[in-house]
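Below is one structure, written out as structure tokens; the observations come after it.
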Amino acid sequence: MPFNTELTRKLGIRVPIVQGGMQWVGYAELASAVSNAGGLGILTALTQPTPEDLRKEIRRCRAMTKNPFGVNLTLLPALVPPDYAAYARVIIEEGINIVETAGNSPGPVIRQLKAANTIILHKCTSIRHAASAVKLGVDFLSIDGFECAGHVGESDITNFILLSRARQSLGVPFIASGGFADGQGLAAAISLGAEGINMGTRFMCTIEAPIHMKIKEAIVEAQETDTELVLRRWRNTSRLFKNKVASEAVKIEKESTTGEFKEVAPYVSGQRGRQVFINGDKDFGVWTAGQVIGLIHDIPTCQVLISRIEREAIDTLAKAQSLIVDEVKSKL
Ligand SMILES: Cc1cc2nc3c(=O)[nH]c(=O)nc-3n(C[C@H](O)[C@H](O)[C@H](O)COP(=O)(O)O)c2cc1C
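The numbering used here puts the first residue of the sequence shown at 629, with every later residue one more than the last.
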């Protein structure tokens, strides 16, 4: 029985599962596989070096799926910021009508996309940021708990609190992100008021994810304790896979007497992290993963994964329903 939530209705998808934007992972191979399996696949705009490359990637993805897919546009602090307006223009010109936004000061980009009637899912790690995004007119909030991979924010609030706060106070439909890998998680998110879930790390561990098999195997072997929080000192906290480089970065961050970012910068290089996904050496640089690594035990296709999560969620919700008994009958 298909799900029928605000997310499935508005996005035109079968299963309320979104594959979150992932730098160096969110290519057409993964996004199209997720969409073909009934979820929402998302291309990561900044994985493409220029807006024109993004245009080509969108066209490539469209040739690989007839189902809806979206694009992630992440706005992060940078000395020379990418031309976000140009990326957004390509997204609009190519007829993409679902965009996941994330990061700082998203106002101008969200206004540009909303003027073209784009459905916006905005990712945030705090209720304060979520409330600002509501004022910008976003359609869905993607609430990223402290468990999540990547930028966890600075308030360290896990999804048990964040999701209920979202339900109680935001007045806009939301999906749950961070820590999800199975149908029990989807059922829990729905019970807390979410319209679906967003997953990142779980989708890295699928056949179609365009990263080295050894990295997928490293995730399967890892425990929930195998992540590291870096860059807290500069209020840009990121959750990374715990490896030699991440642990060294944390040590320098804690012990530095100058507190200068340049001491830690070579350790957290994005380019070395990108190489990890290509060469399969998990210790070559830092790379992002969430605490959910402790719940990931296999490397299925996206179709197998999404169908399994759908079935598990239905079974879990039915089991919960069966625990509610008629008071009169139960006494007979
Ligand atoms: C390898 C990797 C790269 C990511 N890159 C981005 C990114 O560029 N932009 C973004 O908004 N989120 C990024 N994320 C976060 C995911 O979109 C998603 O919010 C997060 O993975 C959810 O937590 P989970 O990993 O527990 O499912 C990344 C996550 C991973 C695992």
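We put the beta carbon where it would ideally sit given N, CA and C, even for glycine.
Excluding the 5 residues flanking it on each side, V718 has same chain C-beta neighbours closer than 6 Å at P679, L682 and R683, in chain order. Set against 8 Å, the gap from the CB of T672 to the closest heavy atom of ligand 1 is smaller.
Ranked by Cα distance from L671, the options H757, S866 and A837 are led by A837. Residue nearest to N695 within the set V708, K844, P736 and A665 is A665 (criterion: CA-CA distance).
Taken from the Cβ of H779, at least one heavy atom of ligand 1 lies inside 8 Å. At a cut-off of 8 Å, the beta-carbon of T636 does not count as near ligand 1: no heavy atom of the ligand is closer than that. Residue environment: P705 is assigned as exposed (fewer than 16 neighbouring CB atoms within 10 Å of its CB, all protein chains considered). For N907, the secondary structure class from DSSP, reduced to helix, strand or coil, is helix. In the three-state DSSP reduction, S783 falls in the coil class, being neither helix nor strand. DSSP places K882 in the uninterrupted alpha helix (DSSP H) bounded by K872 to E883. Ranked by Cα distance from R756, the options G778, E782, N907 and C776 are led by E782. Ligand 1 never approaches D854 closely enough for any of its heavy atoms to be under 8 Å from the residue's Cβ. With fewer than 16 other Cβ atoms from the protein chains shown falling within 10 Å of its own Cβ, Q949 counts as exposed.
With contacts defined by Cβ atoms closer than 9 Å, L658 and P644 do not form a contacting pair. A822 places its beta carbon 9 Å or farther from that of I880. Within the same chain, A804 and I825 come within 6 Å of A817 by CB-CB distance, once the 5 residues on both sides are set aside. In this chain, the alpha helix (DSSP H) harbouring C930 covers C930 to S950. Residue state for I771 is assigned as strand, using DSSP reduced to three classes.
In this structure, L814 lies away from E955, with their beta-carbon atoms at least 9 Å apart. Runs of the beta strand (DSSP E) lying entirely within the segment 802–852 and spanning at least 3 residues, in chain order: 802–805 and 825–827.
Per DSSP, I724 lies in no alpha helix (DSSP H) and is assigned neither H nor E. For C689, DSSP records no beta bridge to any residue. Around the beta-carbon of P801, 16 or more other beta-carbon atoms lie within 10 Å, marking it buried. For C776, the shortest separation between its Cβ and any heavy atom of ligand 1 lies below 8 Å. Take the alpha-carbon of A743 and the one of R642: they are about 27 Å apart. The residues A815, in chain order, have a CB closer than 6 Å to that of L945 in the same chain once the five nearest residues on each side in sequence are set aside. The closest CA to that of V653, considering only F768, C752, F905 and R900, is found on F905. Burial check for L703: the Cβ neighbour count within 10 Å reaches 16 or more, so the residue is buried.
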